[in-house]
Amino acid sequence: MSLPHPSVRCPPTPNSTRVLYKPSTGPHLGPGIITPVVRLDRIGKRYGRGPWVLRDLSLDVPRGEVVVLRGGNGSGKSTLLRVAAGVTAPTTGRVTRGASVGYAPERFPTGVRLSARDYLRRLAAVRGVPARWDLVEALNFAGDPDAPMATLSKGNAQKVALVQALQATDLLVLDEPWAGLDAATGAVLGELVTSAGAAVLLTDHHGHELPGAREVHLGEARGGVVVIELDRVGEAFSLIEALEGVSSVRSVGSGARVEVRVGHSDGVLVEALRLGCSVRSVRS
Ligand SMILES: Nc1ncnc2c1ncn2[C@@H]1O[C@H](COP(=O)(O)OP(=O)(O)OP(=O)(O)O)[C@@H](O)[C@H]1O
Numbered sequence: 012m013s014l015p016h017p018s019v020r021c022p023p024t025p026n027s028t029r030v031l032y033k034p035s036t037g038p039h040l041g042p043g044i045i046t047p048v049v050r051l052d053r054i055g056k057r058y059g060r061g062p063w064v065l066r067d068l069s070l071d072v073p074r075g076e077v078v079v080l081r082g083g084n085g086s087g088k089s090t091l092l093r094v095a096a097g098v099t100a101p102t103t104g105r106v107t108r109g110a111s112v113g114y115a116p117e118r119f120p121t122g123v124r125l126s127a128r129d130y131l132r133r134l135a136a137v138r139g140v141p142a143r144w145d146l147v148e149a150l151n152f153a154g155d156p157d158a159p160m161a162t163l164s165k166g167n168a169q170k171v172a173l174v175q176a177l178q179a180t181d182l183l184v185l186d187e188p189w190a191g192l193d194a195a196t197g198a199v200l201g202e203l204v205t206s207a208g209a210a211v212l213l214t215d216h217h218g219h220e221l222p223g224a225r226e227v228h229l230g231e232a233r234g235g236v237v238v239i240e241l242d243r244v245g246e247a248f249s250l251i252e253a254l255e256g257v258s259s260v261r262s263v264g265s266g267a268r269v270e271v272r273v274g275h276s277d278g279v280l281v282e283a284l285r286l287g288c289s290v291r292s293v294r295s
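First residue of the sequence shown: 12, per the working numbering; consecutive thereafter.
Here it is as structure tokens:
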């Protein structure tokens, strides 16, 4: 699919949702031209008459690029994934996407009566691609392939749900795909995601290493967020995680990237220094 005009755009940062962009490293068709598989164009989303969850958000993901959405609880990551996948419509703005879209929600719907093998086969047939039971096996599936999906353990159902999404060829949208997977299986999933060749958009609370992936940070839905980068964190990691106002902490080399709700950053900085960390940067 090709879209008419290029660009990764940086909208004016709205108050309620903070989005930092890094220039895309995806494939270029010509000087400065990127062909996105999915384009979110000034998206806004609210549920009913509730508060705006996303505002004026633009994002392009070209084929072959993996974008990881980061942000605290309630910052709108799952909402953005649902909008990108076409599961829910944006309230404002426009979405364009490729035809073959795979979506794996955070929670697999219960009550699917098909067996794992039939489920995969049918969804592959809808997309006109061969069923990839081999990928289910690569993810160390340990259930009965002919038993109803609803009777599988959470981790085994998750593996089948992920592979149905991975069978798509244009866009993969994966909400917390590592949830419920053991470490060995998680590493296999990382390889499948980075080698998929499609455009990939995912969330990951646990900060898995995905070489070459681009991170997009969503601010908190209400109130904004301050990002503090620390060095020499060591044993203080879990103490920092527990500080008031901290919404997420992720290891980065010997340090950590800490997201703090506005109004709590001074307290977190003082405490981090007291714990022996050094401060690399503070951004709001
Ligand atoms: N179906 C819905 N109806 C009403 N409000 C919703 C709905 N889904 C999400 N929200 C609200 O939208 C906001 C963002 O939720 P969302 O699940 O997108 O955030 P998130 O960043 O994925 O959170 P988490 O990290 O906790 O999974 C929250 O305030 C949530 O309550």
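Cβ atoms here follow ideal geometry from the backbone N, Cα and C, with glycine treated the same way.
Inset, instruction - In angstroms with no decimal places, state the Cα-to-Cα distance between V211 and D181. - result: 9 Å
Inset, instruction - Would you decide whether P47 is buried or exposed? Buried here means 16 or more other CB atoms lie within 10 Å of its CB. - result: buried
Legend entry - DSSP three-state assignment for S89, whether helix, strand or coil: It is helical.
Legend entry - Cβ neighbour criterion (16 or more within 10 Å) applied to G148: Here the sequence assigns Glu to residue 148, which means Gly is not the residue at that position. Exposed, by the Cβ-count rule.
Legend entry - Straight-line gap, G197 to M160 (C-alpha atoms, nearest Å): 21 Å
Legend entry - Residues surrounding ligand 1 [beta-carbon distance to nearest heavy atom under 6 Å]: Y58, G61, V64, G82, N84, G85, S86, G87, K88, S89, T90, A232
Legend entry - Distance CB(V184)-CB(A110) smaller than 7 Å: no
Legend entry - Proximity to G87 [Cα-Cα], best of V64, V269, P73: V64
Inset, instruction - Report the three-state DSSP secondary structure of G245 (helix, strand or coil). - result: helix
Inset, instruction - Kindly identify the DSSP beta-bridge partner or partners of F81. - result: A quick correction: the sequence has Arg, not Phe, at residue 81. DSSP lists H228 as partners of R81.
Inset, instruction - In the DSSP assignment, find the unbroken alpha helix (DSSP H) run with R132 in it and report its ends. - result: 127 to 138
Inset, instruction - Report the rounded CA-to-CA distance for S258 versus L177, giving the unit in angstroms. - result: 30 Å
Inset, instruction - Consider the C-beta atom of G59 and the heavy atoms of ligand 3; say whether any pair is separated by less than 6 Å. - result: Of the ligands one can find in the structure shown, namely ligand 1, none is ligand 3.
Legend entry - Close Cβ partners of E165 (< 7 Å) along its chain, the five nearest in sequence each way excluded: At residue 165 the sequence reads Lys, which differs from the Glu that was named. Taken in chain order, the residues that qualify are G191.
Legend entry - Within 7 Å, strictly: CB atoms of G82 and H275: no
Legend entry - Opposing strand residues paired with T103 [DSSP bridges]: G55
Legend entry - Element boundaries [beta strand (DSSP E), containing A172]: It is not in any beta strand (DSSP E) - A172 instead sits in the alpha helix (DSSP H) that spans 165 to 177.
Legend entry - Under 7 Å between C-beta atoms of R291 and D215: no
Inset, instruction - Would you mind stating whether A92 and D186 have Cβ atoms separated by less than 7 Å? - result: What sits at residue 92 in the sequence shown is Leu, not Ala. Closer than 7 Å, so yes.
Inset, instruction - Go ahead and label E246 buried or exposed: buried means 16 or more other beta carbons lie within 10 angstroms of its beta carbon, across all protein chains shown. - result: exposed
Inset, instruction - Below 7 Å CB to CB, which residues in the same chain sit around E255 once its five sequence neighbours on both sides are set aside? - result: H275, G278
Inset, instruction - Please classify T205: does DSSP put it in a helix, a strand, or coil? - result: helix
Legend entry - R294 vs V244 beta-carbon contact at 7 Å: no
Inset, instruction - Measure how close the beta-carbons of V98 and V204 come, nearest whole angstrom, since I'm counting them as under 8 Å. - result: The pair is not a contact, with the Cβ atoms about 20 Å apart (cut-off 8 Å).
Inset, instruction - Rounded to whole angstroms, what's the CA-CA distance from P101 to E220? Just pull it up for me. - result: 30 Å
Inset, instruction - Would you kindly work out how many angstroms separate the C-alpha atoms of D155 and D52, rounded to a whole number? - result: Those two C-alpha atoms are separated by around 43 Å.
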